[in-house]
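In the numbering used here, each number is its position in the sequence shown, counted from 1, plus 3.
Yeah, the Cβ is synthetic: ideal placement off N, Cα and C, and Gly gets one too.
Keep in mind that this is a model prediction, so the values were computed, not measured.
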Amino acid sequence: MVSFFKKLPIFVKLILVLATITLGFYSLKLAANIVEQQPYYRLKKVKIHGLINGDADQILKEIGLNKNTDLLSINKVKLKKKLLKIARIADAEIKIKYPDAVTIMVKERMPSFLLKTKNQLASVTKKGVLVAEGDEVVEFNNLVLIVNQAPNLDYALKTKLFKNFIRFFNQLNPHEKNIQEYFSDVILEDEIIFHGRGDNLTINLGGDLTLEKMRKVYYAYLYYKEKNLSTNFIDLRGRLVKFKFNDKI
């Protein structure tokens, strides 16, 4: 057969090769069309594991994964890239389970703080990474970092006070990080103010934020609670810690 093919004129050989390629192309296209028309390979079930606060339906909408999608057309690499563009998602693994299911395992970024500007609200991690904003924020019991002077969230995330707070907070000892539980909010403006959670308590750090002052906040609060002081103002602006009944200096 090979020797017969070799004896053929070159133009005949070219015609046979082109005919073979064309036939193969149309055969593959026909096979793809047949598979595409089969409901057997259509997406029917999607499961997302690992979500704690995120909304699965919203995530599926953002990545464009819809029911009746052709499973053979799903590109796991591209789908993962779409998932990682979602602020809440730190990592993801996708498994296609034929004939009709997709399973997505996600690692969700966990918020430690709420970041509030004059008109916007977001949740951020302890490293200062945005998790969710606006209507997507579902965690409301976190320590609120208030930057009212910032015109928007992007600006607030880049301010020196916000960055310093995140940096110093991560340098605290594990038990000192309980300030998250002891305080409801921190105002990061000209005067840095901590407000006690459930207490009529204000702690003023002045306009300067340091790791030493962050630690003083923690220990001053413990002293205030341990001694059951009848004060509502703690002044940390100077070298000494001053406990006062009101916020007048």
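Local Cβ density within 10 Å of residue i, reported as buried at 16 or more and exposed below that
i      : result
Leu160 : buried
Pro114 : buried
Phe165 : buried
Arg91  : buried
Phe186 : buried
Tyr226 : exposed
Leu214 : exposed
Short Cβ contact (8 Å threshold) for residue i with residue j
i      : j      : result
Phe116 : Asn145 : yes
Asn203 : Asn235 : yes
Leu208 : Leu239 : yes
Glu111 : Leu54  : yes
Ile169 : Gly131 : yes
Ile66  : Leu82  : yes
C-alpha gap between residue i and residue j, whole angstroms
i      : j      : result
Tyr222 : Tyr158 : 31 Å
Ile62  : Ile89  : 8 Å
Ala253 : Leu87  : Residue 253 is absent from the model: the chain starts at 4 and stops at 252.
Val141 : Val147 : 13 Å
Leu212 : Ile149 : 14 Å
Ala104 : Ala93  : 23 Å
Pro102 : Ala135 : 34 Å
Leu232 : Tyr224 : 10 Å
Lys247 : Gly199 : 15 Å
Asn71  : Ile51  : 17 Å
Thr106 : Leu68  : 12 Å
Endpoints, the alpha helix (DSSP H) within which residue i is located
i      : result
Ala153 : Careful: Ala153 lies outside any alpha helix (DSSP H) and carries neither H nor E.
Leu164 : 163–174
Leu118 : Run containing Leu118: none in the alpha helix (DSSP H); it sits in the beta strand (DSSP E), 116–119.
First and last residue of the uninterrupted beta strand (DSSP E) at residue i
i      : result
Asp94  : 92–100
Met108 : 104–111
Ile237 : 236–238
Ile182 : No beta strand (DSSP E) contains Ile182, which is instead part of the alpha helix (DSSP H) from 182–185.
Asn207 : 205–207
Leu124 : 124–127
Simplified DSSP assignment, three categories, for residue i
i      : result
Phe8   : Unreliable placement is indicated for Phe8, whose pLDDT of 49 sits below 50; no coordinate value is reported for it.
Ile196 : strand
Ile77  : coil
Glu142 : coil
Val220 : helix
Ile55  : coil
Leu63  : helix
Lys228 : helix
Leu87  : helix
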